[in-house]
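Quick note: the sequence shown, position 36, residue 36 per UniProt numbering, numbers continuous. Every residue, glycine too, gets a C-beta built ideally from N, C-alpha and C.
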Amino acid sequence: MMTTTGTYSFGPFRLDPADRRLTRDGAPVEVSARYLDALILLAGESGRLVTKDRFMDEVWRGVPVTDEALTQCIRSLRRALEDDATAPRYIETVPRHGYRMIAPVDRDRSDNPDTPLSGDIAAVARDAVSGAIGGGLAGMVAGLGYLALGLVAPGIGTASTLLVLISMNLLLGLAAGLAVCGGAALAARLAHEAAHWTVIGGALGGLVIGALGRMIGNDLFFLLFGRSPGAITGALEGLVLGAATGVALVLAVRAHRGSAARRLVPGFLLGGAVGAGIAVAGGRLMAGSLAELAARFPNTNLRIDGALFGESGLGPIASTVATTGEGALFCGCAVAAVLVGRRLGGTR
Numbered sequence: 001m002m003t004t005t006g007t008y009s010f011g012p013f014r015l016d017p018a019d020r021r022l023t024r025d026g027a028p029v030e031v032s033a034r035y036l037d038a039l040i041l042l043a044g045e046s047g048r049l050v051t052k053d054r055f056m057d058e059v060w061r062g063v064p065v066t067d068e069a070l071t072q073c074i075r076s077l078r079r080a081l082e083d084d085a086t087a088p089r090y091i092e093t094v095p096r097h098g099y100r101m102i103a104p105v106d107r108d109r110s111d112n113p114d115t116p117l118s119g120d121i122a123a124v125a126r127d128a129v130s131g132a133i134g135g136g137l138a139g140m141v142a143g144l145g146y147l148a149l150g151l152v153a154p155g156i157g158t159a160s161t162l163l164v165l166i167s168m169n170l171l172l173g174l175a176a177g178l179a180v181c182g183g184a185a186l187a188a189r190l191a192h193e194a195a196h197w198t199v200i201g202g203a204l205g206g207l208v209i210g211a212l213g214r215m216i217g218n219d220l221f222f223l224l225f226g227r228s229p230g231a232i233t234g235a236l237e238g239l240v241l242g243a244a245t246g247v248a249l250v251l252a253v254r255a256h257r258g259s260a261a262r263r264l265v266p267g268f269l270l271g272g273a274v275g276a277g278i279a280v281a282g283g284r285l286m287a288g289s290l291a292e293l294a295a296r297f298p299n300t301n302l303r304i305d306g307a308l309f310g311e312s313g314l315g316p317i318a319s320t321v322a323t324t325g326e327g328a329l330f331c332g333c334a335v336a337a338v339l340v341g342r343r344l345g346g347t348r
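Now the structure itself:
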C-alpha cells in the first residue's frame with residue numbers, strides 16, 4: 001500500500017509523497033499525478049518486484065487500462081529520472097511480471113515511523129471489513145432464498161421465522177467474510193502480494209472460522225440441551241470455500257482491463273462449483289446444518305422441506321441446490337465487496 005508520509009531519497013532525487021513532489025538537488029521535476037503514484041509505489045517497495053496487477057490496483061485503482069498505459073508510465077518516469085531501460089540505474093523491468101526499483105532508497109520516517117505498518121494494517125482491515133459486509137449480505141439473501149424456495153417452512157409465523165433466519169445468517173456471514181477476506185489480505189501483504197498466498201490466506205481464514213463456529217455450536221448445544229447439534233458445517237467446508245474466495249479475488253484483480261461482470265462472475269461461478277462439490281461430498285453449509293438440527297431436535301418449530309424438488313426433507317437435489325447457491329452468494333458477494341471497498345477506500 002502506498003504511504004503518504006515520510007520522504008524517499010535515491011541518487012540526487014527526493015520524493016515527498018505527502019507534498020506530492022519529486023525534486024532533483026532541490027529543483028522540482030515535473031511528473032503527472034498518476035505517474036507520481038507509480039513512483040511512490042516503486043520507491044516504497046525498493047528492491048522488491050511490483051507486479052503489473054499491483055500497479056493496476058493501487059495506481060489505476062481498478063480503472064480498465066491496457067498494459068501499454070503502464071509501459072508509457074514507466075517510460076515517462078525513466079525520462080524524468082534520466083534512466084536508461086537497457087542499463088537501468090533506478091527502474092528495472094522484470095519481463096512479463098512488472099518492475100522493480102533497484103536504486104538504494106533511503107526512507108526518512110522521522111515524522112511517523114509507524115506509517116508503513118499502519119498502512120498495511122489499514123489495508124488488511126479494509127479488506128476484512130469489506131469481506132464481512134459482503135458475507136453478511138450473502139447470508140441475508142440466502143435466508144430469503146430459503147423461504148422463497150420453500151426449504152424452510154415457518155412453524156411459528158412467517159415474520160418471526162424470516163427475522164430469525166436473516167439475523168442468524170447475517171451474523172454467520174459477517175464472521176465468515178471477515179475471517180476469509182481478512183486472512184487473504186493479511187497473507188497477501190506478508191508475502192508482498194504473491195497471488196498464491198491470497199488463496200492460502202483465504203483458505204486458512206475459512207478453516208479457522210469453520211472450526212471455531214463448529215466448536216462453539218457444539219459446546220453451546222451441549223450446554224443448553226445436553227445434546228450435540230450433529231454434523232453441522234465446519235473446518236473442511238470453510239477451507240475449500242475460503243480457498244475459492246481467494247482464487248476469485250486473484251482473478252478479479254488480474255481482470256483489471258475487463259468489465260465489472262468479467263471481474264465478478266468468476267467469484268459466483270467458483271463459489272457455486274465449490275458449494276455443489278461440498279454437497280456431493282456429503283458436506284454442509286447453512287441449509288444442511290439447519291436440516292441436521294431439525295432432525296436432531298424433532299420438537300423444534302424448524303421445518304426443512306424440499307417439496308419444491310419433489311423430496312421429503314432436505315433431499316439430495318434440494319441440498320445441492322441450496323449449497324450451490326450459498327457458495328455462489330458468499331464467494332461472489334465477498335469478492336464484490338472487497339473490490340468496492342478498495343475502490344472507495346482509495347488505495348493510494
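> Going straight from the alpha carbon of L339 to that of F268, what length do you get?
Replying inline: 14 angstroms
> Per DSSP, what kind of secondary structure is T233 in: helix, strand or coil?
Replying inline: coil
> Which residues bound the alpha helix (DSSP H) around D25?
Replying inline: Element bounds for D25: n/a, residue is neither H nor E.
>> Quick check on T300: buried or exposed, where buried means 16 or more other Cβ atoms within 10 Å of its Cβ?
In response: exposed
> Does the Cβ-Cβ distance between V124 and A185 come in under 8 angstroms?
Replying inline: yes
> By DSSP, does I304 sit in helix, in strand, or in coil?
Replying inline: strand
> For V141, which residues of its own chain have a beta-carbon under 6 angstroms away from its beta-carbon, when the five flanking residues on both sides are left out?
Replying inline: L329
> DSSP puts E92 in a beta bridge; with which residues?
Replying inline: R100
> How close, in whole Å, do the beta carbons of C181 and A128 come, if the pair is a contact with beta carbons under 8 angstroms?
Replying inline: 6 angstroms
> For the beta strand (DSSP E) that F13 lies in, which residues bound it at each end?
Replying inline: F13 to D16
> DSSP state of T51, grouped into three classes?
Replying inline: strand
> According to the neighbour-count rule (16 or more other Cβ atoms, all chains shown, within 10 Å of its Cβ), is R79 buried or exposed?
Replying inline: exposed
> Looking only at its own chain, which residues have a Cβ that is under 6 angstroms from the Cβ of S283, when we skip the five neighbours before and after it?
Replying inline: Checking the displayed sequence, the identity of residue 283 turns out to be Gly instead of Ser. Closer than 6 angstroms at Cβ, skipping near neighbours: E237.
> Can you list, in chain order, the residues of its chain whose CB lies under 8 angstroms from that of A33, leaving out five sequence neighbours each side?
Replying inline: R20
> Which residues in the same chain have their Cβ closer than 7 angstroms to the Cβ of T7, if we skip the five residues on either side of it in sequence?
Replying inline: R14, L15, D16 and D108
> For the alpha helix (DSSP H) that T198 lies in, which residues bound it at each end?
Replying inline: A195 to F225
> Does the distance from the CB of D53 to the CB of R254 come in under 8 angstroms?
Replying inline: Yes, the pair counts as a contact, with Cβ atoms nearer than the cut-off.
> For I166, which residues of its own chain have a beta-carbon under 8 angstroms away from its beta-carbon, when the five flanking residues on both sides are left out?
Replying inline: G139, M140, G143 and L144
> What residue range is occupied by the uninterrupted beta strand (DSSP E) comprising T66?
Replying inline: From DSSP, T66 is part of no beta strand (DSSP E); its letter is neither H nor E.
> Helix, strand or coil for F268 per DSSP?
Replying inline: helix
>> I want to know whether the region 130-139 touches the region 167-175 - three or more CB-CB distances under 8 angstroms.
In response: Contact between the region 130-139 and the region 167-175 is present: three or more C-beta pairs spanning the two stretches fall below 8 angstroms.
>> Once DSSP output is grouped into helix, strand and coil, what is the label at F10?
In response: In the structure shown, F10 falls within a strand segment according to DSSP collapsed to helix, strand and coil.
> Is the region 223-231 in contact with the region 310-324, if contact means three or more CB pairs nearer than 8 angstroms?
Replying inline: no
> With respect to the beta strand (DSSP E) encompassing D106, which residues constitute its N-terminal and C-terminal limits?
Replying inline: D106 to D108
> Got a sec, what are the start and stop residues for the alpha helix (DSSP H) E292 sits in?
Replying inline: M286 to R296
>> Please report the distance separating the alpha-carbon of A294 from that of A336.
In response: 33 angstroms
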